[in-house]
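Participant: Protein chains in written order, with the numbering used here: chain A, 739 to 977; chain B, 3 to 137.
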Amino acid sequence: MNAPVSQIWVYLSASPLTWLTATLVAYVAADAFAARVNRHPLANTVVIAAALLAGLLLATGTPYAAYFDGAQFVHFLLGPATVALAVPLWRNIAVVRRSLAAMAVALVAGSVTAAASAVAIAWLFGAPREILASLAPKSVTAPIAMELAKSLGGIPALAAVLVIATGITGAIIVTPLMNALKIRNYAARGFAAGVASHGIGTARAFQVSELAGTFAGIAMGLNGALTSLLVLLWLAFAG
Amino acid sequence: MIVSGRQGSQPLNIAGALATLLACQLAGEASVLATRQVFPAFAFPGPVAGMVLLFVVLLLRGGPGSSLDTTSRTLLRNLSLLFVPAAVGIVQYGDMLARFGLALIVALVASTVLTLLVTVGVFLLVAGREPEDGG
Numbered sequence: 739m740n741a742p743v744s745q746i747w748v749y750l751s752a753s754p755l756t757w758l759t760a761t762l763v764a765y766v767a768a769d770a771f772a773a774r775v776n777r778h779p780l781a782n783t784v785v786i787a788a789a790l791l792a793g794l795l796l797a798t799g800t801p802y803a804a805y806f807d808g809a810q811f812v813h814f815l816l817g818p819a820t821v822a823l824a825v826p827l828w829r830n831i832a833v834v835r836r837s838l839a840a841m842a843v844a845l846v847a848g849s850v851t852a853a854a855s856a857v858a859i860a861w862l863f864g865a866p867r868e869i870l871a872s873l874a875p876k877s878v879t880a881p882i883a884m885e886l887a888k889s890l891g892g893i894p895a896l897a898a899v900l901v902i903a904t905g906i907t908g909a910i911i912v913t914p915l916m917n918a919l920k921i922r923n924y925a926a927r928g929f930a931a932g933v934a935s936h937g938i939g940t941a942r943a944f945q946v947s948e949l950a951g952t953f954a955g956i957a958m959g960l961n962g963a964l965t966s967l968l969v970l971l972w973l974a975f976a977g
Numbered sequence: 003m004i005v006s007g008r009q010g011s012q013p014l015n016i017a018g019a020l021a022t023l024l025a026c027q028l029a030g031e032a033s034v035l036a037t038r039q040v041f042p043a044f045a046f047p048g049p050v051a052g053m054v055l056l057f058v059v060l061l062l063r064g065g066p067g068s069s070l071d072t073t074s075r076t077l078l079r080n081l082s083l084l085f086v087p088a089a090v091g092i093v094q095y096g097d098m099l100a101r102f103g104l105a106l107i108v109a110l111v112a113s114t115v116l117t118l119l120v121t122v123g124v125f126l127l128v129a130g131r132e133p134e135d136g137g
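1) Looking at Y802 of chain A and R90 of chain B, is the spacing between their C-beta atoms short of 8 Å?
2) Pull up the distance between the alpha-carbon of I921 of chain A and that of L118 of chain B, whole angstroms please.
3) Output the distance between the C-alpha atoms of A844 of chain A and V763 of chain A, rounded to the nearest integer angstrom.
4) Output, in sequence order along the chain, the residues in the region 924-950 of chain A whose CB is closer than 8 Å to any CB in chain B.
5) For the alpha helix (DSSP H) that contains P826 of chain A, what are its first and last residues?
6) N782 of chain A by DSSP, collapsed to three states: which one?
7) Using 8 Å as the threshold, is the C-beta distance between G937 of chain A and F953 of chain A below it?
8) Starting from the beta carbon of H813 of chain A, find every residue of chain B whose beta carbon is closer than 8 Å, and list them in chain order.
9) If contact is defined by three or more beta carbon pairs under 8 Å, each pair taking one atom from either stretch, is the region 957-966 of chain A in contact with the region 881-895 of chain A?
10) So, is the C-beta of I978 of chain A closer than 8 Å to a C-beta in chain B?
11) If contact means a Cβ-Cβ distance below 8 Å, which residues of the region 763-776 of chain A contact chain B?
12) Closer than 8 Å between beta carbons: that is the criterion. Which residues of the region 95-118 of chain B meet it against chain A?
13) Which stretch, first to last residue, makes up the alpha helix (DSSP H) that contains Q745 of chain A?
14) Are the region 838-858 of chain A and the region 120-129 of chain B in contact at 8 Å, needing three or more beta carbon pairs?
15) Is the beta carbon of L81 of chain B sitting closer than 8 Å to the one on T940 of chain A?
16) Since I believe V833 of chain A is in contact with L949 of chain A (beta carbons under 8 Å), could you give me their beta-carbon distance rounded to a whole number of angstroms?
17) On the premise that A773 of chain A lies in contact with L78 of chain B, defined as a C-beta separation below 8 Å, what is that separation, rounded to the nearest angstrom?
18) For the pair the region 893-912 of chain A and the region 860-880 of chain A, tell me if three or more CB-CB distances fall below 8 Å.
19) Output needed in chain order: residues of the region 888-899 of chain A with a Cβ under 7 Å from some Cβ in chain B.
20) Which residue spans inside the region 919-972 of chain A form an unbroken alpha helix (DSSP H) run of at least 4?
21) Pick helix, strand or coil for A903 of chain A, following the three-state DSSP scheme.
22) When the cut-off is 8 Å and only beta carbons count, does R38 of chain B lie next to chain A?
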């Protein structure tokens with residue numbers, strides 16, 4: 739690279755504009771690819787875009803913090819997008835009302851299964867206590883999971899990574915799994931996606947149908963609240 | 003030449019819609035912070051509290067206007083994009099994942115499948131098996 743070009747790069751690589759643009763371009767490319775393969779579940783837009791960007795950061799030696807300086811503007815929109823879930827919730831209020839009992843029971847069953855099964859399996863593999871504590875809230879949206887992991891004696895950063903990994907796993911698995919079981923109830927499918935894999939599962943559900951996305955969003959919110967409550971009870975009685 | 007607007011359609015008020023969403027989030031964050039003053043262990047995300055608040059507002063107002071409706075749809079249709087920055091962050095903890103790799107991967111995948119099955123199974127059991135939406 740000759741001197742002027744490398745000087746321009748030094749400036750650009752430190753500019754938020756570069757990484758904000760890169761994030762959007764990577765997403766557009768990933769989305770176009772996913773559309774080409776008919777939204778095959780394995781062609782997950784989050785995974786493809788993140789892999790492209792991770793490769794770019796590695797190739798250019800850019801630290802994640804410099805990347806996030808630009809990407810934070812996209813990341814920030816997660817807040818208002820979560821608030822926006824109230825709109826499809828309101829639009830589908832009739833179905834939601836009919837499903838209140840099903841949601842309540844499925845939420846408790848799913849929430850306990852998510853935490854207990856993950857901890858039990860990792861414990862069988864001999865994972866230490868702080869790993870188990872970081873794993874317990876893995877199906878909950880990241881900001882809550884980090885708080886819960888901390889109060890259980892886990893590592894918040896590891897909890898955040900496990901949350902994202904769980905979200906991606908659920909988003910990839912949910913469609914083929916539900917299709918194989920011939921489940922046509924999109925409220926139930928979406929609700930399961932939201933309980934098991936929070937926001938990333940919800941994003942996937944919105945790609946499948948608005949009804950599924952709505953139920954996934956409700957499930958994500960409720961599971962965050964219930965898991966927090968279960969952890970509080972755990973700390974009060976067993977901790 | 004001035005093109006008159008289509009009948010019954012209003013121009014999109016995106017600023018107003020974003021202001022509504024952000025104000026609800028802000029109120030949600032504030033109420034969570036206030037609750038934590040009393041119960042320090044209270045873990046609840048402000049945006050979810052904001053969602054509950056907006057839902058109540060929609061119930062009282064009888065629904066979103068077309069601007070809020072369109073803005074929300076647009077945000078939610080691109081929800082995947084919003085998770086990309088956080089997902090890129092996994093890379094910097096690659097060594098942490100590798101150290102306990104097998105246990106964590108098996109626990110994550112098995113637990114996620116199990117959670118999906120239990121949740122959908124219980125939901126259908128209680129709701130009855132009638133299909134919702136169908137497609």
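All C-beta atoms in this analysis are idealised placements derived from N, C-alpha and C, irrespective of residue type, glycine included.
No experiment lies behind these values; they were computed from the predicted model shown.
Facilitator: Let me lay it out:
1) According to the sequence displayed, residue 90 of chain B carries Val and not Arg. Yes, these two residues count as a Cβ contact at 8 Å.
2) 12 Å
3) 39 Å
4) Y924, A925, A926, R927, F929, A930, A931, V933, A934, S935, G937, I938, T940, A941, R942, F944, Q945, S947, L949, A950
5) 824-829
6) coil
7) no
8) L84, P87, A88
9) yes
10) Not covered by the structure: residue 978 of chain A. The range shown for chain A is 739 to 977.
11) A764, Y765, D769
12) Y95, M98, L99, F102, L104, A105, L106, V108, A109, L110, V111, A112, S113, T114, V115, L116, T117, L118
13) 741-751
14) yes
15) yes
16) 7 Å
17) The Cβ separation is near 18 Å, so there is no contact.
18) yes
19) S889, A895, L896, V899
20) 924-946
21) helix
22) no
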